[in-house]
Amino acid sequence: MATVEERAEPGRKKVSEEVLRDFFREMLLIRRFEEKVEERFRAGELPGFLHVAIGQEAVATGVCSALALEDVFASTHRAHGHSIAKGTPAKKIMAELYGKTEGCSGGYGGSMHLYDLSVGNLGANAVVAGGLPGIVGAALAFQMRGEKRVAVAFFGDGATNTGTFHESLNLAQLWRVPAIFVLENNGWAESTPAVQQLPLPVDQMGKRAAAFGMKLIEADGQDVEAVYLAALAAREHALAGKGPVLLHLRTFRLTGHFVGDPQVYRDRDELKQERETKDPLRLLGARLDLSDGDFASVDADVTAEVEAAVEFAKAGTDPKPEDALKYVYA
Ligand SMILES: Cc1ncc(C[n+]2csc(CCOP(=O)(O)OP(=O)(O)O)c2C)c(N)n1
Ligand SMILES: [Mg+2]
Numbered sequence: 002m003a004t005v006e007e008r009a010e011p012g013r014k015k016v017s018e019e020v021l022r023d024f025f026r027e028m029l030l031i032r033r034f035e036e037k038v039e040e041r042f043r044a045g046e047l048p049g050f051l052h053v054a055i056g057q058e059a060v061a062t063g064v065c066s067a068l069a070l071e072d073v074f075a076s077t078h079r080a081h082g083h084s085i086a087k088g089t090p091a092k093k094i095m096a097e098l099y100g101k102t103e104g105c106s107g108g109y110g111g112s113m114h115l116y117d118l119s120v121g122n123l124g125a126n127a128v129v130a131g132g133l134p135g136i137v138g139a140a141l142a143f144q145m146r147g148e149k150r151v152a153v154a155f156f157g158d159g160a161t162n163t164g165t166f167h168e169s170l171n172l173a174q175l176w177r178v179p180a181i182f183v184l185e186n187n188g189w190a191e192s193t194p195a196v197q198q199l200p201l202p203v204d205q206m207g208k209r210a211a212a213f214g215m216k217l218i219e220a221d222g223q224d225v226e227a228v229y230l231a232a233l234a235a236r237e238h239a240l241a242g243k244g245p246v247l248l249h250l251r252t253f254r255l256t257g258h259f260v261g262d263p264q265v266y267r268d269r270d271e272l273k274q275e276r277e278t279k280d281p282l283r284l285l286g287a288r289l290d291l292s293d294g295d296f297a298s299v300d301a302d303v304t305a306e307v308e309a310a311v312e313f314a315k316a317g318t319d320p321k322p323e324d325a326l327k328y329v330y331a
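Following this line, the structure appears as structure tokens:
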């Protein structure tokens, strides 16, 4: 976990500049990783279907930086950032996308099924809201064993319309388990905008917590410091035995739903404006007042890491056809 400094005003906290610079590096690594993934997918090198979370990096870095190694999470179809931020090396994720046995899921999963138990990744899910029930179970296990750990579920605004979401939050609150439900609210479910799928204004989706009597914590999902502090507060609440938290983060998907999505349903001017005003990297870069030289040096560093990940993945081992049914249990 990164460190937090007290601000002069009582009760307010602030993250040190050094930590913010670490956040910037990680967010840029995630951005460059996903840009590379888009490029290699379009070149026909990556099998399967891909979703990137460009614009949502502050959520991944802010939340995962507030977690300890022994905390666990489940992710969605947009899992690269969460996985990198929780500690899986970029090269193991890239190898997974290339379907190699060196990948974090042994080449069996691909983009929507990234696992890494060594850092607490219980798995990404192609099924919308598919991760939530398992996270309630993991949190219940921690509670029963008296372990000081939290279980975290990432999911989108569209996922809040599923029965699984309501069942999971209901049981979690009933049992007061140490779970954090991270609502990564980008205002879209595929091509369906918030107004056509959500019963509340998009910025008021946190009100869902009231239906369960659940603690609500909200933050600007484009501000990594705010996300980090909100996630720390959520973890503290859950570990104190006070029950689960709905952590509502308003964020922005600055690309299509999937790689190759022509986004014909999206207003071009609005998207352009969002890219200019909501990009979490631009916002953090401006706040840190990074010089061109500073930016170039971090960029060169993370770009080299991504290039090395591609080389590692390409040199990886193809799974054997006779192993296709390995790990099939039902
Ligand atoms: C149970 C289920 N229903 C529908 C789908 C198809 N689907 C994939 S992503 C998606 C939109 C999800 O929206 P949201 O939860 O807001 O996540 P976002 O894509 O915005 O990150 C849908 C409907 C699915 N994968 N699983
Ligand atoms: Mg969404």
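If you count the sequence shown from 1, you need to add 1 to reach our numbering.
For glycine and all other residues, C-beta sits at the position ideal for the given N, C-alpha and C.
Through-space distance from residue j to residue i, alpha-carbon basis
i, j, result
"Pro-320", "Glu-97", "11 Å"
"Leu-118", "Lys-243", "27 Å"
"Leu-285", "Leu-21", "8 Å"
"Asn-162", "Leu-199", "8 Å"
"Ala-86", "Cys-65", "6 Å"
"Arg-177", "Val-246", "10 Å"
"Asp-204", "Val-260", "26 Å"
"Ala-9", "Arg-288", "At Ala-9, the pLDDT of 47 sits below 50, so the modelled position is not reliable and the matter cannot be decided from this model."
"Met-206", "Gly-164", "16 Å"
"Asp-324", "Gly-107", "11 Å"
"Pro-263", "Leu-240", "44 Å"
"Glu-58", "Arg-26", "11 Å"
"Trp-189", "Gly-138", "28 Å"
9 Å Cβ cutoff met for residue i and residue j
i, j, result
"Lys-37", "Glu-308", "yes"
"Ala-142", "Gly-132", "no"
"Leu-170", "Phe-213", "yes"
"Leu-282", "Leu-29", "yes"
"Gly-147", "Gly-317", "no"
"Glu-238", "His-52", "It should be noted that the sequence gives His, not Glu, for residue 238. In this structure, His-52 does not lie closer than 9 Å to His-238 by Cβ."
"Ala-332", "Ala-140", "Nothing can be reported for residue 332, as the shown portion of the chain is limited to 2 through 331."
"Ser-112", "Phe-166", "no"
"Glu-185", "Asp-221", "no"
"His-78", "Ala-127", "yes"
"Val-151", "Leu-68", "yes"
Boundaries (first-last residue) of the alpha helix (DSSP H) holding residue i
i, result
"Gly-63", "58-66"
"His-238", "225-240"
"Pro-134", "133-146"
One or two residues paired with residue i in a DSSP bridge
i, result
"Thr-193", "Ala-190"
"Asp-117", "Asn-122"
"Phe-181", "First, the amino acid is wrong: residue 181 is Ile here, not Phe. Paired residue(s): Val-153 and Val-246."
"Asp-221", "Arg-251"
"Lys-216", "Val-246"
Extent of the continuous beta strand (DSSP E) run through residue i
i, result
"Phe-74", "73-75"
Any chain B beta carbon closer than 9 Å to residue i
i, result
"Thr-165", "Among the protein chains of the structure shown there is no chain B, as only one such chain exists."
Query raised in the report: Which residues have a Cβ closer than 6 Å to any heavy atom of ligand 2, listed in chain order?
Result: Gly-157, Asp-158, Gly-159, Asn-187, Trp-189 and Ala-190
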